[in-house]
Each structure stands twice: as C-alpha cells, then as structure tokens.
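Everything on this sheet refers to the single structure shown next.
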Amino acid sequence: MRGVALALVLLTYAPLALGQGQEVHGENSVFAGHGVAIAWGVLKGPMEEQTQVILRILPAGEAYAYVSVEAVDPFTGKRQPVLAGRPLGDRVDIRSPRGTFADFPRREVHLYRTAGDWQAQKPSVTVYYLGVPDTTPEFISEAALFTYIDQALAKGRGAGQGRKP
Numbered sequence: 001m002r003g004v005a006l007a008l009v010l011l012t013y014a015p016l017a018l019g020q021g022q023e024v025h026g027e028n029s030v031f032a033g034h035g036v037a038i039a040w041g042v043l044k045g046p047m048e049e050q051t052q053v054i055l056r057i058l059p060a061g062e063a064y065a066y067v068s069v070e071a072v073d074p075f076t077g078k079r080q081p082v083l084a085g086r087p088l089g090d091r092v093d094i095r096s097p098r099g100t101f102a103d104f105p106r107r108e109v110h111l112y113r114t115a116g117d118w119q120a121q122k123p124s125v126t127v128y129y130l131g132v133p134d135t136t137p138e139f140i141s142e143a144a145l146f147t148y149i150d151q152a153l154a155k156g157r158g159a160g161q162g163r164k165p
C-alpha cells in the first residue's frame with residue numbers, strides 16, 4: 001500500500017522534478033492567479049456521449065505567449081495532447097468529451113512565455129486539475145454556458161481567486 005501511495009505522489013509531482021516550471025493546483029472550476037484565469041463548464045448533450053467539458057483560458061497580467069493542454073492518466077503516467085500548443089492570444093477555448101476524463105482524468109494547462117519555450121516543452125507555469133472540478137456547473141445551452149464563463153472569469157479576475165506566487 002505504501003508503494004502505491006509513493007507512486008501516486010511521484011506521478012503528481014513528476015513535472016516539478018523534471019524542471020518543468022512552477023506547478024499549481026487549479027482546485028476549483030474558476031481559477032485566477034499566476035498570470036492566468038481559467039474557467040470550466042459542462043455543456044450537456046442529448047446523450048452522455050455528446051456531453052462536452054469546456055475549458056476557457058485567459059491571460060491575466062503575465063505575458064504568456066503559448067499554451068498547451070495535456071490529459072494524463074495518473075496511474076500509468078501516460079499522456080495525451082488535448083491541445084498540442086498554440087498562441088494564447090486573448091483567450092483559448094478547449095472542448096473535450098466528458099468521457100475522456102475516465103481514462104485520462106488529470107488535465108495540465110502548460111503556459112509558456114515564448115515560442116522557444118513552447119518548442120522546447122519548458123512551461124513557466126502548469127495549472128493542473130485532478131479531473132473535472134466538483135464545482136463545475138452544467139448547462140444545456142451553449143449561450144448560457146458562455147455567459148456563465150464570461151461572468152465567472154470577470155468576477156474571478158477581479159477578486160484575484162487562486163493561489164499567488
């Protein structure tokens with residue numbers, strides 16, 4: 001049993017050991033800190049297979065040029081790109097079928113200051129989540145979901161939610 005616990009701890013903190021930059025637990029469905037704001041929402045489909053998890057990422061004060069997102073199986077360490085990488089710009093929306101969280105529950109949002117850092121796979125900050133946060137609301141309308149996300153991010157950025165360095 002101790003071996004399993006140790007393996008989970010090592011898998012959780014492996015990116016830190018590899019020199020991958022600062023790692024921060026996003027914890028809630030709305031996170032603002034470390035130069036980024038992130039909000040989650042679920043868009044319910046008519047069938048569960050069509051339900052989408054939406055993740056919106058906004059820069060918030062720090063100059064991050066690129067973002068990538070990975071799905072991780074915390075037991076095997078296997079990784080799958082969700083977003084291989086792209087310029088962050090003013091925002092990035094990511095859609096994932098909710099079913100993908102069964103085998104790859106951990107999501108890692110990697111933020112890079114420069115294109116060179118992104119190409120070298122050296123994020124400045126990684127915000128990680130251990131599955132879809134429990135506080136994530138579900139919507140049946142895309143318009144209602146995006147209205148919620150916009151309002152939650154505006155409130156979260158103003159209140160400075162999330163951990164600070």
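Residue numbers (the working numbering): 1 to 165.
Every residue gets a Cβ at the ideal spot worked out from N, C-alpha and C, and that includes glycine.
Treat the numbers as computed from the prediction; the structure is a model and nothing was measured.
Comparing alpha carbon positions, the residue from P74, G21, A39, G35 closest to T135 is A39. Between P74 and the set D93, G33, A144, R106, the nearest pair of CA atoms involves R106. When C-alpha distances from G116 are compared across G26, Y64, Y148, V24, the shortest belongs to Y64. Secondary structure at L145: helix, using DSSP grouped into helix, strand and coil.
The C-beta separation of G26 from Y112 comes to about 17 Å, leaving the pair out of contact by the 8 Å criterion. Of the other Cβ atoms in all chains shown, 16 or more fall within 10 Å of the Cβ of G156; this residue is therefore buried. Rounded to the nearest angstrom, the gap between the Cα atoms of A37 and L58 is 5 Å.
Distances from the CA of A144 to each of M47, L43, E23, N28 were compared; the closest alpha carbon is that of L43. Between V127 and V109, the beta carbon gap of about 5 Å places them in contact (Cβ cut-off 8 Å). I140 sits exposed, since fewer than 16 C-beta atoms from the chains shown fall within 10 Å of its C-beta. In this structure, the CA atom of L153 is about 8 Å from the CA atom of A32. Taking the Cα of A120 as reference, the smallest distance to any Cα among S68, M47, G35 is reached at S68.
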